[in-house]
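One structure is given below, encoded as structure tokens.
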Amino acid sequence: MLDSILGAILGAIGSSWPAEALKSSRLVYPLVNALHIVGFALSFGAIALFDLAILLRAKAAFLESLARFAPRVAASGLLVAAIAGLALFSVQPFDYAANPAFRIKLLLVSAGTLHAVAMHRSEGFRELRRSGKASASVTVSAGVSLLVWIAAILAGRFIAFLA
Numbered sequence: 353m354l355d356s357i358l359g360a361i362l363g364a365i366g367s368s369w370p371a372e373a374l375k376s377s378r379l380v381y382p383l384v385n386a387l388h389i390v391g392f393a394l395s396f397g398a399i400a401l402f403d404l405a406i407l408l409r410a411k412a413a414f415l416e417s418l419a420r421f422a423p424r425v426a427a428s429g430l431l432v433a434a435i436a437g438l439a440l441f442s443v444q445p446f447d448y449a450a451n452p453a454f455r456i457k458l459l460l461v462s463a464g465t466l467h468a469v470a471m472h473r474s475e476g477f478r479e480l481r482r483s484g485k486a487s488a489s490v491t492v493s494a495g496v497s498l499l500v501w502i503a504a505i506l507a508g509r510f511i512a513f514l515a
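For the sequence shown, the working numbering assigns the number 353 to the initial residue and increments by one for each residue that follows.
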């Protein structure tokens, strides 16, 4: 029963107007694909800059301002990547749903997003925004964040090779 429900959902996604637009145009698919990459690059660029600044113990004034700016850029990029990614998924929903690299990527992006939300709600992050000083927990969190997002990018690259 669950398989038939999932199959019906994936079938509806695959026959939706975004899927048909992407399938029927030689221009739309590459543009949406590029938008997905730009969104992820924007997101990861902000994440990497922020996490590396924490890990390399950048000056407090730089960290303080970065803590206010980088999360907004990262979230905006992630939103762009997610919307474009959903559109790309619609072209071959059954294939993507069965692809282990795609599943791992979704898991890692979800983990990275939840980790970021938890970190940004922590007292350590609030202190970083106030003083520019990174606690040990924030430093460890930055390392975990960097590894999770790198792993998500690697999983994304493997999607085409495990199809």
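Don't be surprised by glycine CBs; every beta carbon is placed ideally from N, CA and C.
This one's a predicted model, so the numbers in the text were calculated from it and none came from an experiment.
So, residue i versus residue j, is the Cβ gap smaller than 8 Å?
{"i": "H472", "j": "A433", "result": "no"}
{"i": "R481", "j": "R420", "result": "yes"}
{"i": "G476", "j": "S487", "result": "yes"}
{"i": "L374", "j": "N451", "result": "no"}
{"i": "A504", "j": "L438", "result": "no"}
{"i": "A507", "j": "I456", "result": "yes"}
{"i": "A436", "j": "G391", "result": "yes"}
Taking the alpha-carbon positions, what's the residue i to residue j distance?
{"i": "M383", "j": "L440", "result": "Inspection of the sequence shows that residue 383 is occupied by Leu rather than by Met. When rounded, the distance between both Cα atoms is 10 Å."}
{"i": "P423", "j": "G464", "result": "13 Å"}
{"i": "P370", "j": "F446", "result": "16 Å"}
{"i": "G397", "j": "I502", "result": "11 Å"}
{"i": "H467", "j": "I399", "result": "12 Å"}
{"i": "N385", "j": "F510", "result": "15 Å"}
{"i": "F402", "j": "L418", "result": "7 Å"}
{"i": "Y381", "j": "E479", "result": "44 Å"}
{"i": "A470", "j": "A449", "result": "28 Å"}
{"i": "S497", "j": "A393", "result": "15 Å"}
{"i": "F414", "j": "F454", "result": "36 Å"}
{"i": "D355", "j": "E372", "result": "24 Å"}
{"i": "E517", "j": "S376", "result": "The structure shown does not extend to residue 517, since the chain is modelled only from 353 to 515, so the question has no answer here."}
Beta-carbon within less than 7 Å of residue i's beta-carbon, same chain only, minus the 5 sequence neighbours each way: which residues are those?
{"i": "A412", "result": "S483, G484 and K485"}
{"i": "S395", "result": "A426, G429, L430 and A433"}
{"i": "L407", "result": "T491, A494 and G495"}
{"i": "I361", "result": "none"}
Between residue i and the rest of its own chain, which residues show a CB-CB distance below 8 Å, the 5 nearest in sequence each way excluded?
{"i": "S368", "result": "S442"}
{"i": "G366", "result": "S442, V443, Q444, P445 and F446"}
{"i": "S489", "result": "S474 and G476"}
{"i": "V500", "result": "L460, A463, G464 and H467"}
Which same chain residues end up closer than 6 Å to residue i when comparing Cβ atoms and leaving out the 5 residues on each side of it in sequence?
{"i": "L404", "result": "none"}
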